Every structure is written in structure tokens, then in C-alpha cells.
Amino acid sequence: MTAFRGELAALAAALIWAIASIAFTKLGRRLSPTALNVSKGLISIGLIGLTLGLRGAGPPAANGSAIWLLGLSGAIGIGLGDTAYFASLNCLGARRGLLLESLAPPLTALLALLVLQERLSGAAWLGIGLTVGGVAWVIVERSPDPGIPRDRPLRGLVFGLIAALSQASGAVLSRAALSTTDISPLWGTLIRLVAGLGVVLLWLLVKPAQFRSVGKEMSQLRSPRFLSIVAGTAFASTFLGIWLQQTALKFAPAGVAQSLLATSPLFVIPIAVALGDRVSLRAVLGVLVAIAGIWLLFWRG
Numbered sequence: 004m005t006a007f008r009g010e011l012a013a014l015a016a017a018l019i020w021a022i023a024s025i026a027f028t029k030l031g032r033r034l035s036p037t038a039l040n041v042s043k044g045l046i047s048i049g050l051i052g053l054t055l056g057l058r059g060a061g062p063p064a065a066n067g068s069a070i071w072l073l074g075l076s077g078a079i080g081i082g083l084g085d086t087a088y089f090a091s092l093n094c095l096g097a098r099r100g101l102l103l104e105s106l107a108p109p110l111t112a113l114l115a116l117l118v119l120q121e122r123l124s125g126a127a128w129l130g131i132g133l134t135v136g137g138v139a140w141v142i143v144e145r146s147p148d149p150g151i152p153r154d155r156p157l158r159g160l161v162f163g164l165i166a167a168l169s170q171a172s173g174a175v176l177s178r179a180a181l182s183t184t185d186i187s188p189l190w191g192t193l194i195r196l197v198a199g200l201g202v203v204l205l206w207l208l209v210k211p212a213q214f215r216s217v218g219k220e221m222s223q224l225r226s227p228r229f230l231s232i233v234a235g236t237a238f239a240s241t242f243l244g245i246w247l248q249q250t251a252l253k254f255a256p257a258g259v260a261q262s263l264l265a266t267s268p269l270f271v272i273p274i275a276v277a278l279g280d281r282v283s284l285r286a287v288l289g290v291l292v293a294i295a296g297i298w299l300l301f302w303r304g
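The letter at position 160 of the sequence shown is residue 163 when you use our numbering, and the numbering goes up by one with no holes.
#1: With distances taken between CB atoms, is the gap from G296 to T134 smaller than 8 Å?
#2: Evaluate L57 with the Cβ neighbour count: other Cβ atoms within 10 Å of its Cβ, from every protein chain shown; 16 or more gives buried, anything less gives exposed.
#3: May I ask you to report which of helix, strand or coil DSSP gives P63?
#4: To the nearest angstrom, how far is the alpha carbon of F229 from that of D85?
#5: Are A38 and E220 close, meaning C-beta to C-beta below 8 Å?
#6: Would you say A180 and G191 are within 8 Å of each other, going by their C-beta atoms?
#7: Alpha carbon to alpha carbon, how far is L160 from P36? Give it in angstroms, no decimals.
#8: If we count the other Cβ atoms within 10 Å of its Cβ and call it buried at 16 or more, is L72 buried or exposed?
#9: What did DSSP end up calling G96 once you bin it into helix, strand or coil?
#10: Should A171 be counted as a contact of the ligand ATP given a C-beta to heavy atom distance under 7 Å?
#11: Would you check if the distance between the CB atom of I48 and the CB atom of A239 is smaller than 8 Å?
#12: Could you pull out every residue in the same chain whose Cβ sits closer than 6 Å to the Cβ of R153, ignoring the five residues on either side in sequence?
#13: If we count the other Cβ atoms within 10 Å of its Cβ and call it buried at 16 or more, is V259 buried or exposed?
#14: May I ask you to report which of helix, strand or coil DSSP gives G163?
#15: Could you spell out where the alpha helix (DSSP H) holding F214 opens and where it closes?
#16: Is the region 197–217 close to the region 87–102, with three or more CB pairs under 8 Å?
#17: What residue ranges within the region 227–301 form continuous alpha helix (DSSP H) runs of no fewer than 4 residues, ordered along the chain?
#18: Can you give me the Cβ contacts of W246 inside the same chain, cut-off strictly under 7 Å, excluding the 5 residues immediately before and after it?
#19: When we look at the beta-carbon of I142 and count the other beta-carbons within 10 Å, is it buried (16 or more) or exposed?
#20: Quick one, which of I232, S283 and A171 has its alpha-carbon nearest P256's?
#21: Which two residues bound the contiguous alpha helix (DSSP H) that contains A26?
#22: Starting from G82, follow the alpha helix (DSSP H) in both directions and report where the run begins and ends.
#23: So which of R281, F254, A277 and A286 has the shortest CA-CA distance to L269?
#24: Can you name, in chain order, every residue of its own chain whose Cβ lies under 7 Å from the Cβ of S182, other than the five neighbours on each side?
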């Protein structure tokens, strides 16, 4: 299965993010999008630095342009994209927020075609369409999230669109850097996270009031229990999730990788069944359509 390492990494990341999205929605009730982004970024950078040290992995021997591309990818995809995504979740809830995120795969494929000249076969485009369509069908079918404000749909829509475009742009930039160099996915993850966190911190420095507000919110991390929850979520979603994402972008075309990364809602179905929820025939059909698309993305020729 070495030939499909990128595709398999993308599906593994999607599974992790499906579980993490539930935790992020709950954490969003106590931490603002910016505070959550900073918290998970700091924890994940520390974990990656520790991992690289234990593995004895020195800095990558790559040209400056590749490092710059990864940094820009992190600034856009993580610094801007994640903050916008968390804001969208707060306004719309997990299901509708994920629906807007389903726009990222086709945007990624189009940007990769325009910027990287990365042409996909007709089967791959059909696979992207089926996968995204099946995912969207599953999300739309579900009932609205309880406890989500009803007076901020436009705000949530704008943040969701910004998040989708940022994710697509970040994926293409990462693909451009990783596919042409020997930079490991783990080092790529660290570079992206540092750049993304740097953008957020610079923004806070020019907003003293918001900086103080975020600092006050993050004081909640002094609680061992709350810190363990945030750290566990950051380890899964950011440390493991982005590491797998970068592996996918290194070994699979950007549009294909991003489509498989967007299958998180499909993994929510078995989780819901395990928790005793009923799953409709429509949701099952949506999953089957998406699985057909995934099959095409693996054996696209």
C-alpha cells in the first residue's frame, strides 16, 4: 500500500479531525477562536519540537523558496484559515461549518491546476465530485446543532468561505514545497505551525485589548483538567492531524489529498451509531456516494 501512502494519510487525518471537531465545538464555548488557535498552536509546536529532538532529525536541507512557501502556507492556512474556521463553528455549528469546508477540495484542485499545472484525469475529477457531493449530502441531512445562535448566519458564512479558500491556498502552497524537496512532513508541519502562530501573535500585538482578552482566556489553562483536554485535542487534531495532512500533500495530488481530507463528516456516522443515534437512509446513501468517489480517487489511473 506504499503507492497510496498519501491517500491513506489523508483518510487517517479525516478520521482524527472528525473526532476533534466535536471537542473543538465544546472548547469554543470557553475559548474564543483566537485563544483556541494560540493554545493548540503552542502545545503542538512543543510536541513536534520534542518529537524531532527524540528522533535526532536536524533542520531540512532545502532551498529558501521551499521554506518560504511552507511558511506562507502556514500563515494563510493555519493563521487565517483555522481562526476563521473556529469562528464559523461558533456561528453555525459543526455540521454547517463542515459543509462550507467541503468547498475546499474543488478550490484546491482548481488552484493546483492554475498554479502548479497539476492536471487530474477525468476519473479523478469525478471522484472529487462524488466525494464532496456525498459529504455535503450527509451534512445537510443532519438536523441543526443545538445551542447555536440563530442571529449570525451571514457572519458564519463569511468566515466559512474565508476558511475554505485559506485551506485550499495553504494546501497548494504546501504541495508546491513538499513535492519538489526532501523536507519531511513533520518538519513541514512545524514550519507551518510556527508561521501560522506567528501571524496570530503579530495580529494580537497590534490589538492590545484583544491581546489582554486572549491572555485572560488562556489563564484557564492553569486548570490541570482543562489543560489536559486542550492538550489532548491539540495532540490529535494539530500534531497528528497536520502531520498526516502534510504527508498526504507530499505524496498525493493536492486536489485528491484535500478531497480525502474533507471526508471527516463520514466518520461521524459510525461514531453516532456507536453512541446510540439513529442514522437515516439518506445519510447511508450519502456515505455510499462518497465511498464511490474515494474509490475513484485511489484508482484514478
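C-beta: ideal position from N, C-alpha, C; glycine also. Computed from a predicted model, the values in this text were never measured in an experiment.
Quick look at the numbers:
#1: It is a contact, given that the beta carbons lie within the stated cut-off.
#2: So L57 ends up on the exposed side.
#3: In the structure shown, P63 adopts coil according to DSSP, grouped into three states.
#4: When rounded, the distance between both Cα atoms is 21 Å.
#5: Going by beta carbons, A38 and E220 fall inside the 8 Å limit.
#6: With a cutoff of 8 Å on beta-carbon distance, A180 and G191 are scored as near each other.
#7: Straight-line measurement puts the Cα of L160 at about 15 Å from the Cα of P36.
#8: Buried: at least 16 other Cβ atoms inside 10 Å.
#9: DSSP places G96 in coil when its eight states are reduced to three.
#10: The ligand ATP is not part of this structure, which contains no ligands at all.
#11: In this structure, A239 does not lie closer than 8 Å to I48 by Cβ.
#12: At R153 the pLDDT is 48, less than 50, meaning the model places this residue with poor confidence; the figure from the coordinates comes in the next sentence. Within the same chain, and ignoring the five residues on either side of R153 in sequence, no residue has its Cβ closer than 6 Å to its Cβ.
#13: Counting other Cβ atoms within 10 Å of its Cβ, V259 reaches 16 or more and is therefore classed as buried.
#14: Of the three classes helix, strand and coil, the one that applies to G163 here is helix, per DSSP.
#15: Run containing F214: P211 to M221, per the alpha helix (DSSP H) assignment.
#16: Contact between the region 197–217 and the region 87–102 is absent, because fewer than three Cβ pairs lie under 8 Å.
#17: Here the runs fully enclosed are 227–237, 244–254, 257–264, 267–277 and 284–301.
#18: Take W246, set aside five residues on each side of it, and the residues of its chain with a beta-carbon closer than 7 Å to its own are P188, L189 and T192, in chain order.
#19: I142 comes out buried.
#20: The shortest Cα separation from P256 among I232, S283 and A171 belongs to A171.
#21: R8 to L30 is the span of the alpha helix (DSSP H), which, as asked, contains A26.
#22: For G82, no alpha helix (DSSP H) encloses it, and the DSSP letter there is neither H nor E.
#23: Selected option, being the one with the closest Cα: A286.
#24: When the five nearest sequence neighbours on each side are left out, the beta carbons in the same chain lying within less than 7 Å of the beta carbon of S182 are those of K253, in order along the chain.
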